[in-house]
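Report on the structure given below.
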Amino acid sequence: MDKNRVYVFDTTLRDGEQVPGCQLTTVEKIEIAKKLEALGVDIIEAGFPISSPGDFQSVVEISKAVTEPVICALTRANTKDIDAAADALRFAKRGRIHTGIGASDMHIKYKFNSTREEILERAVAAVKYARKFTDDVEFYAEDAGRADNEYLARMIEAVIAAGATTVNIPDTNGYCLPDQYGAKIKYLVDHVANIDNAIISVHCHNDLGLATANTVAGIINGARQVECTINGIGERAGNTSLEEVAMILKTHHALGYHTNINSKGIYEISNLVESMMHMPVQPNKAIVGRNAFAHSSGIHQDGVLKHRENYEILNPEDVGINSNAIILTARSGRHALKHHLQRLGYNLEKVNVDEVYQRFLLMADSKKEINDADLLELMGDGDAQTYSDNAIKVMLLQVVCGDPLRPMATVKLRINGIEREASAAGNGPVNATINAIHGIIKDIIELDEFNIQSMRGGSEDVSKVNMRVKHNGQSYYGFGISTDIVNASVHAYVDALNKIY
Numbered sequence: 004m005d006k007n008r009v010y011v012f013d014t015t016l017r018d019g020e021q022v023p024g025c026q027l028t029t030v031e032k033i034e035i036a037k038k039l040e041a042l043g044v045d046i047i048e049a050g051f052p053i054s055s056p057g058d059f060q061s062v063v064e065i066s067k068a069v070t071e072p073v074i075c076a077l078t079r080a081n082t083k084d085i086d087a088a089a090d091a092l093r094f095a096k097r098g099r100i101h102t103g104i105g106a107s108d109m110h111i112k113y114k115f116n117s118t119r120e121e122i123l124e125r126a127v128a129a130v131k132y133a134r135k136f137t138d139d140v141e142f143y144a145e146d147a148g149r150a151d152n153e154y155l156a157r158m159i160e161a162v163i164a165a166g167a168t169t170v171n172i173p174d175t176n177g178y179c180l181p182d183q184y185g186a187k188i189k190y191l192v193d194h195v196a197n198i199d200n201a202i203i204s205v206h207c208h209n210d211l212g213l214a215t216a217n218t219v220a221g222i223i224n225g226a227r228q229v230e231c232t233i234n235g236i237g238e239r240a241g242n243t244s245l246e247e248v249a250m251i252l253k254t255h256h257a258l259g260y261h262t263n264i265n266s267k268g269i270y271e272i273s274n275l276v277e278s279m280m281h282m283p284v285q286p287n288k289a290i291v292g293r294n295a296f297a298h299s300s301g302i303h304q305d306g307v308l309k310h311r312e313n314y315e316i317l318n319p320e321d322v323g324i325n326s327n328a329i330i331l332t333a334r335s336g337r338h339a340l341k342h343h344l345q346r347l348g349y350n351l352e353k354v355n356v357d358e359v360y361q362r363f364l365l366m367a368d369s370k371k372e373i374n375d376a377d378l379l380e381l382m383g384d385g386d387a388q389t390y391s392d393n394a395i396k397v398m399l400l401q402v403v404c405g406d407p408l409r410p411m412a413t414v415k416l417r418i419n420g421i422e423r424e425a426s427a428a429g430n431g432p433v434n435a436t437i438n439a440i441h442g443i444i445k446d447i448i449e450l451d452e453f454n455i456q457s458m459r460g461g462s463e464d465v466s467k468v469n470m471r472v473k474h475n476g477q478s479y480y481g482f483g484i485s486t487d488i489v490n491a492s493v494h495a496y497v498d499a500l501n502k503i504y
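Reading the sequence shown from the start, the letters are residues 4 to 504 in the working numbering.
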């Protein structure tokens with residue numbers, strides 16, 4: 004085995020799907036599993052078969068649909084759970100049973116009302132039983148983060164002797180500090196006589212915001228499997244984020260570790276999980292957040308425009324994002340302003356940038372963010388009027404929807420002074436409206452991000468819609484505000500189109 008290879012165990016479809024509101028259908032799970040396979044994930048934890056018929060069937064179908072990664076099923080330390088897991092994995096090219104039990108005195112006393120010796124016996128029995136069905140058995144010592152190290156070492160040595168090929172040392176409650184967790188892994192490496200017969204795995208939760216740090220500490224001290232989820236979703240505050248660990252190891256070459264993750268697929272699967280699980284990614288989330296590669300400070304913008312690595316240790320293209328974003332606000336400097344003016348086609352040799360910048364600051368003080376239309380207005384000399392005349396404008400929007408009616412939309416746009424109209428159906432009123440717009444503009448536009456935000460709350464509230472679209476490999480943002488969500492969505496989409504054309 005490559006001693007510097009770190010295996011990626013993704014539990015988005017098991018631990019991630021346990022989050023309230025994130026439940027998936029079997030078809031949706033298969034779609035995500037295939038993307039995980041394309042991403043280069045080594046092990047997919049497909050579900051907890053004994054928990055429900057739906058979970059059982061999902062493990063069965065994922066086992067059929069995915070061939071490269073190991074397919075793993077979770078169990079508790081009892082024969083019924085293990086039987087269900089073995090049955091669900093019967094079609095897997097390579098199947099793994101993941102069984103285990105609590106290791107901390109807290110769990111032994113208050114969860115199991117048992118003793119250390121009885122728990123040790125149950126752990127060994129579960130591993131031996133699982134080995135009857137597969138040679139690939141992983142054992143988890145639940146709440147290992149708070150477990151006594153000496154007892155934990157005894158447990159790990161016993162389950163490896165019983166046939167466990169991977170031993171999972173979870174910080175189930177996100178309790179440990181990185182040095183404590185790293186020391187725990189090091190203790191096992193030094194005190195478990197047969198530790199070389201198994202791979203040490205780390206499964207960290209983010210209750211104190213330390214999941215990724217603890218995972219990296221575990222790797223440095225001997226772990227060679229990381230258990231994580233896309234976007235860091237999971238129980239309570241979530242799990243270790245797959246994208247964060249993958250990019251940490253890719254960025255810090257001196258550590259000497261590597262994964263098989265194709266990082267260029269990270270952003271795509273992040274968006275897929277966000278959409279399917281209805282779990283929005285916070286804008287400032289590392290690696291995949293909307294603002295992860297956005298710059299609004301003048302000092303930062305100037306530095307990035309001079310040399311990207313001044314303020315970006317990651318290339319956005321490495322995670323599947325086309326480029327960074329230079330956002331114009333009152334904190335922006337001359338360099339950022341010049342960058343956007345050049346992008347709009349202005350010859351800066353003929354422009355008094357200092358004078359324009361002073362006008363820009365006055366405008367920026369009164370607005371949160373400056374868009375292209377604002378810049379055209381700022382430049383004067385009829386440019387704003389020209390922009391207004393040539394802009395795509397919504398002249399008519401009519402939507403019919405209901406149950407069981409199929410949503411239909413009719414849209415009339417004025418483009419360069421000429422009015423055009425189209426109608427289309429869709430899976431919802433917004434989709435139908437966008438389809439109608441596509442019938443008019445007849446261009447390839449990809450809706451990459453769609454967020455609706457309530458301004459104050461309540462059914463009569465004003466909604467703000469943010470959209471990001473892709474055209475010819477470039478990203479454009481659009482914004483719309485209305486008490487009507489569909490109307491706000493249309494204006495946000497048209498706002499983005501105006502920035503394209």
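We put the CB at the ideal spot given by N, CA and C, even for glycine.
How is the beta strand (DSSP E) around residue i delimited, first residue to last?
i	result
G481	477-485
V402	396-403
F142	140-145
L77	73-77
D174	169-174
T102	98-105
E54	The question names Glu, yet the displayed sequence has Ser at residue 54. Where S54 is concerned, there is no enclosing beta strand (DSSP E), given that its DSSP letter is neither H nor E.
V205	202-207
Just to confirm my understanding: we take residue i, look at its own chain, exclude 5 residues before and 5 after, and list those with CB closer than 8 Å. What are they?
i	result
G292	V284, Q285, P286
A435	V402, C404, P410, M411, A412, A427, A428, G429
If you drop the 5 nearest sequence neighbours on each side, which residues of the same chain put their C-beta closer than 7 Å to that of residue i?
i	result
R409	A428
M366	I373, D377, L381
E160	V195, A196, N197
M109	D146, R149
Q60	T29
A133	I85, I100, T102, V140
I455	S466, V468, I488
Using the three-state DSSP reduction, which class does residue i fall into: helix, strand or coil?
i	result
M280	coil
S492	helix
P181	helix
P407	coil
Q26	coil
P319	helix
A254	According to the sequence displayed, residue 254 carries Thr and not Ala. Three-state result, T254: helix.
K473	strand
A240	coil
Q285	coil
A133	helix
Y349	coil
V114	The sequence given here places Lys at residue 114; Val does not occur at that position. Reduced to three states, the DSSP call for K114 is coil.
Q388	With a pLDDT of only 38 at Q388, under the threshold of 50, the placement of this residue in the model should not be trusted; the figure read from the coordinates follows. In this structure, Q388 counts as helix in the three-state DSSP scheme.
S300	coil
L416	strand
How would you write the range of the alpha helix (DSSP H) that residue i sits in, first residue to last?
i	result
L340	337-346
G442	432-444
Q361	356-369
G221	214-223
A88	82-91
V162	152-165
Nearest by alpha-carbon distance to residue i: which of the options is it?
i	options	result
C75	E312, A333, D45	D45
M158	A106, D199, I455, V497	A106
S524	G323, E320, Y360, Y314	Within the shown structure, residues of the chain are numbered from 4 to 504, placing residue 524 beyond reach of any answer.
A499	I484, Y479, N350, G166	Y479
E121	T137, N171, I104, D139	I104
A249	G237, R239, I269, E238	I269
C207	F12, A49, S485, I437	F12
I395	A49, H310, Y496, R227	Y496
I503	Q477, V489, L308	Q477
E153	F142, R119, E141	R119
I47	P56, V162, A68, Q345	A68
G221	T232, R239, I188, I251	I188
K83	H310, S54, E71, P72	S54
E20	L211, E238, E315	E238
For residue i, which residues in the same chain have their Cβ closer than 6 Å to its Cβ, ignoring the five residues on either side in sequence?
i	result
I443	L416, R423, A425
G241	N209, G235
G385	Reliability fails at G385, whose pLDDT of 35 lies under 50, so the model's placement of it is uncertain and no value is given.
Is the closest heavy atom of the ligand PLP to the C-beta of residue i under 7 Å?
i	result
E452	With respect to the ligand PLP, the structure offers nothing, as it holds no ligand at all.
Taking Cβ positions only, does residue i come closer than 8 Å to chain C?
i	result
V205	The structure shown contains no chain C; it is built from a single protein chain.
Stretch pair the segment 114-123 + the segment 84-98: three plus CB contacts closer than 8 Å: Under the 8 Å Cβ criterion, the segment 114-123 does not count as touching the segment 84-98, having fewer than three qualifying pairs.
Three CB pairs or more closer than 8 Å across the segment 242-261 and the segment 26-37: They do not touch, by the three-pair rule.
Inter-stretch contact at 8 Å, needing at least 3 Cβ pairs: the segment 188-202 / the segment 157-172: Yes, the segment 188-202 touches the segment 157-172.
The segment 298-314 touching the segment 267-286, judged by at least three CB pairs closer than 8 Å: Contact fails: fewer than three Cβ-Cβ distances are below 8 Å.
Three or more C-beta pairs below 8 Å linking the segment 32-44 and the segment 265-281: In short, these stretches touch, since the Cβ pair count reaches three.
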